[in-house]
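Visitor: Numbering (our numbering), first residue to last: 1 to 441.
Virtual Cβ for every residue (Gly too), placed ideally from N, Cα, C.
All values derive from a computational prediction rather than experimental measurement.
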């Protein structure tokens, strides 16, 4: 009986231990499941927060050189104006800060916020019309993908326009917005438009070059308390580009990114902002004018060299001329830097072209004179051309040079002339090709 009792107790203990183990295992499973669940949730949250919603705005500018307008030496904005300034040009024109900028709609950008006619100072940014905008100038590098050439630009936000639409509340939102203000801080400009009792439009302009918090006070006469939707957000910007006359032709592209939301570069002091970034994609196009005109009307010229001082000294005294030479004039119009390379039908040695009579050859010197142009900072006057592969680089003109009286000089020096006169009655010929390349750096 004792054994049976002992055995029963053992069985009970075994069941108890089994229950404890099972219970512990069950709790461990629950704990692990919860732990795994927590980790899964955390992982999902990380994935969620890593997703960036970006609104993209294309900005374009162009320089197209025009011979009829040589004074035009600046980029022209080619971005269609949209948003606040397009709808209400009078309001934009009334503020001189708007004259220097162009506004564009940021597609799809929306948010919500509360407006409360509350005159407690700490709540102005959250309860009244407000905006935080980083107006600090930003350097942007633009690259021509076809050539790899780079230029530096300067981009700055100066205006943010938007539409407020009443979602809740009974007061007249249009009147409340139109009568709010004046804006606080001298650096903040403020334009409003009363559309209806449900809709009001406003635009902030930043007159400084740093990050600013701006707000206007809702009027106590035209009170409003409720939630509004923010839409039709338009951005006004200033884009400064380099002198196009110092830039090679091409399409230069770059991007500048602004964060949106709490503490961001653009902060509406609201919630449910649709995007977390604005990406401004900038394209600056440079189209240069370049023209060479030879009086003969052809780019294929037959050049006959003349004896320096005439042939009389050879005929009458047997003295060879110091040189055989010829200047070939042409008119050059250019708004761009360029490179001149030389190709030869006959190699004259020492990177020169040459003339030959079938049996012998002599060197031919070729030089270039381009009034108003420089190469390596030195005026182009009788600049020797060679067959070097990289050619001679002509500097950016810095201005639009039109119909500059230029010339190419061909010259056989005395040593070559002395060789030529030893073959009386012979004909010496050669081919010289000059390539003016505006797309070579």
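Kindly indicate the opening and closing residues of the beta strand (DSSP E) around residue 155.
Guide: The residue labelled residue 155 in the question sits at position 155 within the chain shown. Start and end: 150–166.
Visitor: To which residues does DSSP link residue 349 through a beta bridge?
Guide: By one-based count along the chain shown, residue 349 stands at place 349. In the DSSP output, where bridge partners are listed per residue, residue 349 has 352.
Visitor: Take residue 175 and list the residues in its own chain whose beta-carbon comes closer than 7 angstroms to its own, dropping the five residues that flank it on each side.
Guide: Along the chain shown, read from residue 1 onward, the residue named residue 175 stands at position 175. Only 194 and 222 meet the Cβ criterion.
Visitor: Identify whether residue 312 lies in helix, strand or coil by the three-state DSSP scheme.
Guide: In the chain shown, the residue the question calls residue 312 occupies position 312. Residue 312: helix per DSSP, three-state reduction.
Visitor: Compare the beta carbon distance of residue 412 and residue 355 with 9 angstroms and say whether it is the shorter of the two.
Guide: By one-based count along the chain shown, residue 412 stands at place 412. By one-based count along the chain shown, residue 355 stands at place 355. Result yes, Cβ atoms of residue 412 and residue 355 sit closer than 9 angstroms.
Visitor: Is it true that the CB of residue 156 sits closer than 9 angstroms to the CB of residue 209?
Guide: Here residue 209 refers to the residue found at position 209 of the chain shown. Here residue 156 refers to the residue found at position 156 of the chain shown. Yes, Cβ-Cβ distance for residue 209 and residue 156 is below 9 angstroms.
Visitor: So the alpha helix (DSSP H) residue 175 belongs to, where does it begin and stop?
Guide: Position 175 of the chain shown holds residue 175. Taken as a continuous stretch (DSSP letters only), the alpha helix (DSSP H) holding residue 175 covers 173–178.
Visitor: Where does residue 405 land, buried or exposed, given buried means 16+ other C-beta within 10 angstroms?
Guide: As a working mapping, residue 405 is identified with position 405 in the chain shown. Per the 10 Å Cβ criterion, exposed.
Visitor: Determine the DSSP secondary structure at residue 87, reduced to helix, strand or coil.
Guide: If you number the chain shown from 1, residue 87 lands on position 87. In this structure, residue 87 counts as helix in the three-state DSSP scheme.
Visitor: Expressed to the nearest angstrom, what Euclidean distance is found between the alpha-carbon atoms of residue 237 and residue 57?
Guide: For the purposes of this step, residue 237 is taken as residue 237 along the chain shown, with counting starting at 1. For the purposes of this step, residue 57 is taken as residue 57 along the chain shown, with counting starting at 1. Whole-angstrom Cα-Cα distance: 12 angstroms.
Visitor: How is residue 363 classed by DSSP in three states: helix, strand or coil?
Guide: What you label residue 363 is simply residue 363 of the chain shown in a count that begins at 1. In the structure shown, residue 363 sits in a strand (DSSP, three-state: E or B).
Visitor: Could you check the C-alpha separation between residue 257 and residue 277 for me, to the nearest Å?
Guide: Locating residue 257 in the chain shown gives position 257, where the first residue counts as 1. Locating residue 277 in the chain shown gives position 277, where the first residue counts as 1. So the alpha carbons of these two residues sit roughly 7 angstroms apart.
Visitor: So is residue 35 buried or exposed if we call it buried at 16+ other beta carbons inside 10 Å?
Guide: For the purposes of this step, residue 35 is identified with residue 35 of the chain shown, where counting begins at 1. Here residue 35 scores only 33 on pLDDT, less than 50, and its place in the model is too uncertain to base an answer on.
Visitor: Who does residue 405 pair with in a DSSP beta bridge?
Guide: As a first step, residue 405 must be located in the chain shown, where it is residue number 405. 331, per the DSSP bridge assignment.
Visitor: Specify whether the stretch 260–274 and the stretch 292–303 touch according to this definition: at least 3 beta carbon pairs, one from each stretch, less than 8 angstroms apart.
Guide: No, the stretch 260–274 is not in contact with the stretch 292–303.
Visitor: Quick check: the stretch 311–323 against the stretch 386–398, are at least 3 beta-carbon pairs closer than 8 angstroms?
Guide: They do not touch, by the three-pair rule.
Visitor: Are the CB atoms of residue 309 and residue 430 within a distance shorter than 9 angstroms?
Guide: If you number the chain shown from 1, residue 430 lands on position 430. If you number the chain shown from 1, residue 309 lands on position 309. Cβ atoms of residue 430 and residue 309: not closer than 9 angstroms.
Visitor: Leaving out five residues on either side along the sequence, give the residues of the same chain with a beta carbon under 6 angstroms from the beta carbon of residue 153.
Guide: Counted from its first residue, the chain shown places residue 153 at position 153. Excluding sequence neighbours, residue 153 sits near 140, 142 and 241.
Visitor: What number of angstroms, rounded off, separates the C-alpha of residue 145 from the C-alpha of residue 250?
Guide: For this step, residue 145 is matched to residue 145 along the chain shown. For this step, residue 250 is matched to residue 250 along the chain shown. Near 9 angstroms, if we compare the C-alpha coordinates of residue 250 and residue 145.
Visitor: With respect to the beta strand (DSSP E) encompassing residue 343, which residues constitute its N-terminal and C-terminal limits?
Guide: Here the question's residue 343 lines up with position 343 in the chain shown. Run containing residue 343: 338–344, per the beta strand (DSSP E) assignment.
Visitor: Contact check, residue 292 vs residue 332 under 8 angstroms by CB: the rounded distance?
Guide: As a first step, residue 292 must be located in the chain shown, where it is residue number 292. As a first step, residue 332 must be located in the chain shown, where it is residue number 332. Indeed, because the Cβ distance is near 6 angstroms, the residues count as touching under 8 angstroms.
Visitor: According to the neighbour-count rule (16 or more other Cβ atoms, all chains shown, within 10 Å of its Cβ), is residue 200 buried or exposed?
Guide: Taking the first residue of the chain shown as 1, we reach residue 200 at position 200. Residue 200 is buried by the Cβ-count criterion.
Visitor: Count the other CB atoms, across all protein chains shown, that sit within 10 Å of the CB of residue 265; report buried if there are 16 or more and exposed otherwise.
Guide: Locating residue 265 in the chain shown gives position 265, counting from the first residue. With 16 or more other Cβ atoms within 10 Å, it is buried.
Visitor: Can you tell me whether residue 75 is helix, strand or coil according to DSSP?
Guide: Position 75 of the chain shown, counted from the start, is the residue given in the question as residue 75. In the structure shown, residue 75 sits in coil (DSSP, three-state: anything other than H, G, I, E or B).
Visitor: Under three-state DSSP, which class holds residue 387?
Guide: Locating residue 387 in the chain shown gives position 387, where the first residue counts as 1. Residue 387: coil per DSSP, three-state reduction.
Visitor: Just tell me which of 159, 214 and 129 has its CA closest to the CA of residue 179.
Guide: Within the chain shown, residue 179 is the residue found at index 179, counting from 1. The shortest C-alpha separation from residue 179 is found at 129.
Visitor: Could you spell out where the beta strand (DSSP E) holding residue 253 opens and where it closes?
Guide: Sequence index remark: in the chain shown, residue 253 carries index 253 (1-based). Element bounds for residue 253: 250–259.
Visitor: Can you tell me whether residue 408 is buried or exposed? The criterion is at least 16 other CB atoms within 10 Å of its CB, across all chains shown.
Guide: In the chain shown, residue 408 corresponds to position 408, counting from 1. Result: buried.
Visitor: Would you mind working out which of 64, 382 and 173 sits nearest residue 371, comparing C-alpha positions?
Guide: Within the chain shown, numbered from 1, the residue matching residue 371 stands at position 371. Ranking 64, 382 and 173 by Cα distance to residue 371 puts 382 first.
Visitor: Figure out for me which residue from 267, 351, 230 and 427 has the closest Cα to the Cα of residue 388.
Guide: Here the question's residue 388 lines up with position 388 in the chain shown. Nearest of 267, 351, 230 and 427 to residue 388, Cα basis: 351.
Visitor: By the 10 Å Cβ neighbour count, where 16 or more other Cβ atoms means buried, how is residue 336 classified, buried or exposed?
Guide: Within the chain shown, the letter at position 336 stands for residue 336. Result: buried.
Visitor: Between the Cα of residue 294 and the Cα atoms of 263, 403 and 234, which residue gives the shortest distance?
Guide: Here residue 294 refers to the residue found at position 294 of the chain shown. That would be 403, whose Cα lies nearest to the Cα of residue 294.
Visitor: With DSSP as the reference, identify every bridge partner of residue 63, one or two as the case may be.
Guide: Looking up residue 63 in the chain shown gives position 63. Answer by DSSP bridge pairing, in chain order: 286.
Visitor: Which word fits residue 427, buried or exposed, when buried means at least 16 other C-beta atoms lie within 10 angstroms of its C-beta?
Guide: The count along the chain shown starts at 1 and reaches residue 427 at position 427. It counts as exposed.
Visitor: At what residues does the alpha helix (DSSP H) containing residue 414 begin and finish?
Guide: Position 414 of the chain shown, counted from the start, is the residue given in the question as residue 414. Residue 414 -> alpha helix (DSSP H) spans 414–420.
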